[in-house]
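Enquirer: Protein chains in written order, with our numbering: chain U, 1215 to 1709; chain W, 742 to 1293.
Think of the CB as a built atom: it goes at the ideal place given N, C-alpha and C, for glycine as much as any other residue.
The structure's right below; bear with me while I get my questions together.
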Amino acid sequence: MSRRALGVLIALAAPALAQPLDPAADDAVALYRLARAEALRRATDVNEVFELVVGPGVLDELVGRRDWATLFTLGDEAFDVELPRRVGLGQGAEPPPGQPHRPAPLHLGERGGLDASSCRACHFSGGPDGAGTATQVALLRGDGLSLASATRRDAPHVMGLGWISLLARELEAELDRTRRLVIADAQALGTPQTLPLRAQGLDFGRLTATPEGRLDTSEVVGISPDLVVRPFGHKGRHADLVALADEALQIHFGLQSAARAARYADRAAEFLGTGPAFDEDADGVQSELTGAQAVLLATYLAVLPTPVLRPPTDPRLALASARGRAVFTAVGCAACHVPALRVRQTDLRLATAAGEAIEVTLPLAEAARFPRPRQIDFGAEPDDSVQVGHPVFAFTDLRRHDLGPELAEPVAEVLPDGAGAVPGSVWLTRSLWALADTAPYLHDGRARTVEEAIEWHGGEAAAARDAFRALPADDARALLLFLAGLTREPVVLVE
Amino acid sequence: MRWLLLGLRLAACDGPSTRPARGDAVVDAAVDAAVDAAVDAALLVDAAVDAAADALVVDAAGVDAGPDAACPPWTRPPGLGGPADARLTAELADGWRAFRAAREQERLLEAWDPAAVRARYRVEQAAIDAGCLSVADLVDLGRGLFLRVFTPAEGAGDGGVGLHRFQRGHRGGPDAVRCVDCHWKGGFAGAGDRADNSQLFGDGDHVRGQDPRNPPALWGLGYVELLGRELSAELQATRDAALAEARAGGVPVVVGLTAKGVDFGALTARPDGSLDTRAVAGVDPDLVVKPFGWKGVFPTIRGFAQASLHLHLGLQAEELLASPGDVDVGDGPPTDRDGDGVAREITAGQLTALVLFLATLDAPTVAVPLEGAAHGPPLSGEVQVIDAPELTDRWLEGAQVFATLGCPHCHVPFLPLEDARFTTAPPGGRPVTLDLEVAAAAPRPVRGTDGVLLVPVFSDLKRHGMGRLLASLHGEAGVPVDAWITRRLAGVATTSPYLHDGAATDFDEAISLHGGEAAFAADAFAALPEHDRASLRVFLLGLQRAPAFRVR
């Protein structure tokens, strides 16, 4: 290229900032400049320690000195970074030299595939940390050959997951109190005892204990018999964010952690691959992922802001939206899509399940990004316990429900932690926060509009669906208007 | 923005399904027209003045429609007031904020009154022909269409349930619900991730047989179409001259085909008017350069936009159904080939708006890095962006490596554009023309010191055989499996993964996989020391889309 041409180019690259911006825009510009500088640094130094690689000491130190900003930045980089091949992308032997390592959109069993470049790639629709698009629906647990063999999963948004974790732990703690109580009762009275399982007003069926301390969980509903609330995954697959991150990193990128290797050591061929113990996915890269990395990603997910509720600014539409909120309850949506549950204990523990013992505790009341649930010390009514604490407006009950044959899959989903399987027609109540920004809908993204999604409801939700169908037209559209206000705060980006 | 009140009957504008719900709309329109008639003449003068000021050529054919009837009532969708520059100014940040806020309110309105919002996105070519919409209106409408989640009521999909993630032969998907879902990476209207790869031409189920294609970025396409047109014109002029010479001289004439310095082989013109095109290289025998599609099968933005709407969204443009050619549009009735019960899914006017939006996107730039990151002590969280002359120098070295390896042989850095006036028109319709050099979003290509408009394209817009390893499973429109049009490297910095199937995660992999005609460059790259490879990477990172605000 001639020097003359270069003269033109350098003129083009002159700085663009001519005037001061507002703080949000300034921040976005600063982030952009930093990301670009980092990309250039990586270009000149391939031996640079990769961002995702953090030791446990890093987490301890940052949490210890309450440096939430740096912790968030590290996690954000890990979430956004385009993963390079050398960290151990993909599975199976490297192709012969010079041959491309083809993407694998269709997963091979529990081992997964190679279907995206970064976490962000499928969590960006509607904004950062958002949902996936129709094309980004993951094709899980297939035979590697046929689309029909795959289990399709729409990528959900990942905002506010720390608060969802806390909700799950609180519900679980409440259920656990009942479990201990019913066992104690049975022992004291010498006869089998049965108690209703309730938490924050939600019905989880009944639990029976024998005097010998054995539990009969056949009447437990909405959760697995182990009484663990698993709020992640369309089926209620994972109980905590570390396991979620750990699995996602393997099945989408082929990055295997020590924790995962330890957990599935006895079923390596199914879950990990056919390679040797130190590199089970046989891609020639060992120690692809440390426990600290999965915990770091989980930390990032945990501190993300929550979505918000934004009715229309037009006052007439705002009133119609209020009517829609009433319709939401009246037709029965709110029975499962419970508007708010509350968090009282705001410290979130994140830890690896196996392998290296990595553990951090995040005080979400100060570590989480805004918007975040705020402390409310009084309820409208004395017994309005849901309004006391940090109400989380996620519009879910975190229970599983049978949604009928139309939404059913031919096979049950086997839970990864050995807690049984979730039948084909049973799904976790989807949280509706940020609904308006997260089309398409349903577990496989088959519904492009909210109305279509409602129409697919069956089984336990059939009555609510029928009530929706029977609504006068103005009530139906008021409901849709209310739901369209379930959104998220705007984010200024430079890209 | 301007609303030119020019002649058009209301009925000519829109189908009954999208006619305004209010019964008195016609009366309103008539009253509006009467009121506005008084200022009509002034408006037209204003229009001429503003057109010069805004540098928007409203209509190449001249604004000549009679001012004696009203334009159809139309509520503008939220917009940015025309093309949005890729620049970091407070105005643009505020503009995007306002746009985001207005779209949020529109989304709420759509839940309440879907027909009212649908009507905003439904514009007839007749209204454009009549001058009812300014170019800014059209670009805003096009952007709105690009962002729109089309509903089945508008003809999205093929009437079936769900989508077809793996496409079915030449019938396509539908596999997506809106354009921006797969064109987001590296900035607005950018590229797609590996996760967004289209899976083309298969049986809809088996992985084997699917031909993956990574969605390319859409910046600067207006210039690319114009370059293609000029290349074609030059090649065809050479051909025509050779034919004339052969006819006059009575002997076959062999001519070399060169356009803008790019060699397209040679052809032989015979005295009987026939041609021997066997030696033509990198372009079809018709000598029409087709810069769009990985294999180079579409000469115009309009062509690929129309095909993409059909293949990916199940939206069949009127003009596609009028002349489907060899596209498998389905076997439904003539006005509704995909059989979803919706006719006229995309009007010529909507397509015109979409094309103008795409054509006026900013052009990728060549940005020499001036800054680098300086990290504080480990875990301090301190990172500063500071001047980095060593990176600037690295870039200069990298440009030299790029040249030494022979990359510019195909990835021609700049092609000169003679005429930046972009035109689009439906078949047989009136063209809309605008001058990209003034009307498109900034940054725009600049003129060199010699006055030549240099489009940074980093491609010769020519097809090349890239070898067996990069071959696709299927040919396309007669293009062989191993032939690909030179990938434009403009904007390449932020659009990983690379290659047609997104198999390459970074520049090194992409370069190493070059074969066929480009094997020499891959070999030369393999022999480079790491220092030079790094310099090349820095150079390629300079080929970027200018940073721009967006509010999500």
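#1: Pull up the distance between the alpha-carbon of alanine 1549 (chain U) and that of arginine 1391 (chain U), whole angstroms please.
#2: Answer with yes or no whether the minimum CB distance from aspartate 934 (chain W) to chain U is below 8 Å.
#3: Determine the extent of the alpha helix (DSSP H) in which aspartate 1273 (chain W) is found, giving its start and end residues.
#4: Quick check on aspartate 1591 (chain U): buried or exposed, where buried means 16 or more other Cβ atoms within 10 Å of its Cβ?
#5: Identify every residue that forms a DSSP beta bridge with proline 1157 (chain W).
#6: Comparing C-alpha positions only, which one of W:Glu1159, W:Leu1132 and W:Leu1099 sits nearest to glycine 969 (chain W)?
#7: Using three-state DSSP, classify glutamate 1433 (chain U) as helix, strand or coil.
#8: Give a yes or no on whether the C-beta atoms belonging to alanine 1653 (chain U) and valine 890 (chain W) are separated by under 8 Å.
#9: According to DSSP, is valine 1605 (chain U) helix, strand or coil?
#10: Using Cβ-Cβ distances below 8 Å, what residues of the region 848–872 of chain W are close to chain U?
#11: To the nearest angstrom, how far is the alpha carbon of proline 953 (chain W) from that of glutamine 940 (chain W)?
#12: Compare the C-beta of proline 1317 (chain U) with all C-beta atoms of chain W and state if any pair is closer than 8 Å.
#13: Go ahead and pull the three-state DSSP assignment for threonine 1009 (chain W).
#14: Could you tell me which uninterrupted alpha helix (DSSP H) segments, each at least 4 residues in length, are contained entirely in the region 958–1025 of chain W, listed from first to last along the chain?
#15: Flag leucine 1248 (chain U) as yes if its beta-carbon sits less than 8 Å from any beta-carbon of chain W, otherwise no.
#16: Helix, strand or coil: which one does DSSP assign to aspartate 1480 (chain U)?
#17: If you drop the 5 nearest sequence neighbours on each side, which residues of the same chain put their C-beta closer than 8 Å to that of alanine 1635 (chain U)?
#18: Assess, as a yes-or-no matter, whether the region 904–916 of chain W is touched by the region 924–933 of chain W under the definition of 3 or more beta carbon pairs within less than 8 Å.
#19: Counting contacts by CB-CB distance shorter than 8 Å, is proline 1130 (chain W) in contact with chain U?
#20: Would you kindly check if the distance between the Cβ of alanine 1289 (chain W) and the Cβ of valine 1708 (chain U) is under 8 Å?
#21: Using the three-state DSSP reduction, which class does proline 1629 (chain U) fall into: helix, strand or coil?
#22: Considering Cα atoms alone, identify which of U:Thr1566, U:Leu1531, U:Val1517 and U:Ala1633 is closest to proline 1587 (chain U).
#23: With phenylalanine 1338 (chain U) as the anchor, note down where its beta strand (DSSP E) starts and where it stops.
#24: DSSP three-state call for arginine 1428 (chain U): helix, strand or coil?
#25: State the CB to CB distance for the pair proline 824 (chain W) and alanine 1181 (chain W), rounded to an integer number of angstroms; the pair is presumed to be in contact (CB under 8 Å).
#26: Using the Cβ count rule (16 or more neighbours within 10 Å means buried), how would you classify isoleucine 869 (chain W)?
#27: Would you kindly report the start and end of the unbroken alpha helix (DSSP H) that includes histidine 1053 (chain W)?
#28: Whole angstroms are fine: how far does the CA of histidine 1371 (chain U) sit from the CA of aspartate 805 (chain W)?
#29: Cβ of serine 1639 (chain U) less than 8 Å from any chain W Cβ?
#30: Scan the region 1333–1348 of chain U for residues whose Cβ lies nearer than 9 Å to a Cβ of chain W and list them as they occur along the chain.
#31: DSSP state of histidine 1116 (chain W), grouped into three classes?
#32: Is arginine 1583 (chain U) a contact residue of the ligand NAD, with contact defined as CB to any heavy atom under 7 Å?
#33: What is the DSSP secondary structure of phenylalanine 1446 (chain U), counted as helix, strand or coil?
#34: Using three-state DSSP, classify phenylalanine 1290 (chain W) as helix, strand or coil.
#35: Less than 8 Å between the beta carbons of arginine 1614 (chain U) and alanine 1648 (chain U), yes or no?
#36: What are the start and end residues of the beta strand (DSSP E) that includes tryptophan 1225 (chain W)?
Expert: Let me spell this out:
#1: Computed Cα separation, rounded: 24 Å.
#2: For aspartate 934 (chain W), the nearest CB of chain U lies under 8 Å from its own CB, placing it at the interface with that chain.
#3: Unbroken alpha helix (DSSP H) run through aspartate 1273 (chain W): 1271–1282.
#4: Answer is exposed; the Cβ neighbour count stays below 16.
#5: W:Leu1195.
#6: Relative to the Cα of glycine 969 (chain W), the nearest Cα in the group W:Glu1159, W:Leu1132 and W:Leu1099 belongs to W:Glu1159.
#7: Coil, per DSSP.
#8: For alanine 1653 (chain U) and valine 890 (chain W), yes; Cβs fall inside 8 Å.
#9: Looking at the sequence shown, residue 1605 (chain U) is not valine but proline. Strand at proline 1605 (chain U).
#10: Within the region 848–872 of chain W, the residues whose Cβ lies closer than 8 Å to some Cβ of chain U are Arg848, Leu849, Leu850, Glu851, Ala852, Trp853 and Asp854, listed in chain order.
#11: If I take the Cα positions, the gap works out to 4 Å.
#12: Chain W, which has a Cβ nearer than 8 Å to the Cβ of proline 1317 (chain U), makes this yes.
#13: DSSP places threonine 1009 (chain W) in strand when its eight states are reduced to three.
#14: Entirely contained in the region 958–1025 of chain W, the alpha helix (DSSP H) runs reaching 4 residues are, in chain order, 962–990.
#15: Taking Cβ atoms only, chain W reaches closer than 8 Å to leucine 1248 (chain U), which makes this a yes.
#16: Here aspartate 1480 (chain U) carries a helix assignment [DSSP, helix/strand/coil].
#17: Excluding sequence neighbours, alanine 1635 (chain U) sits near Ala1626, Glu1627, Val1628 and Leu1629.
#18: The region 924–933 of chain W makes no contact with the region 904–916 of chain W: fewer than 3 CB pairs, one atom from each, lie closer than 8 Å.
#19: For proline 1130 (chain W), the nearest beta carbon of chain U is not closer than 8 Å to its own beta carbon.
#20: Against a cut-off of 8 Å, the Cβ pair of alanine 1289 (chain W) and valine 1708 (chain U) comes out as a contact.
#21: At residue 1629 (chain U) the sequence reads leucine, which differs from the proline that was named. In the three-state scheme derived from DSSP, where H, G and I count as helix and E and B as strand, leucine 1629 (chain U) is classed as coil.
#22: Looking only at U:Thr1566, U:Leu1531, U:Val1517 and U:Ala1633, the smallest Cα-Cα distance to proline 1587 (chain U) is reached by U:Val1517.
#23: Note, phenylalanine 1338 (chain U): premise wrong, no beta strand (DSSP E); not H, not E.
#24: The DSSP-derived three-state label of arginine 1428 (chain U) is coil.
#25: A Cβ-Cβ separation of about 6 Å places proline 824 (chain W) in contact with alanine 1181 (chain W) under the 8 Å criterion.
#26: Isoleucine 869 (chain W) counts as buried, since at least 16 other C-beta atoms from the protein chains shown sit within 10 angstroms of its C-beta.
#27: Bounds of any alpha helix (DSSP H) do not take in histidine 1053 (chain W), whose DSSP letter is neither H nor E.
#28: Interpretation of aspartate 805 (chain W) is limited by its pLDDT of 42, a score under 50 that renders its predicted location unreliable; no figure is taken from the coordinates.
#29: Output row for serine 1639 (chain U): interface = no.
#30: Cβ contacts with chain W come from Arg1334, Ala1335, Cys1336, Phe1338, Ser1339, Gly1340, Gly1341, Pro1342, Gly1344, Gly1346, Thr1347 and Ala1348.
#31: Of the three classes helix, strand and coil, the one that applies to histidine 1116 (chain W) here is strand, per DSSP.
#32: The ligand NAD is not part of the structure shown, which contains no ligands of any sort.
#33: In the structure shown, phenylalanine 1446 (chain U) sits in a strand (DSSP, three-state: E or B).
#34: Looking at phenylalanine 1290 (chain W) - three-state DSSP - the assignment turns out to be strand.
#35: No, they are not a contact pair.
#36: 1224–1226 is the extent of the beta strand (DSSP E) around tryptophan 1225 (chain W).
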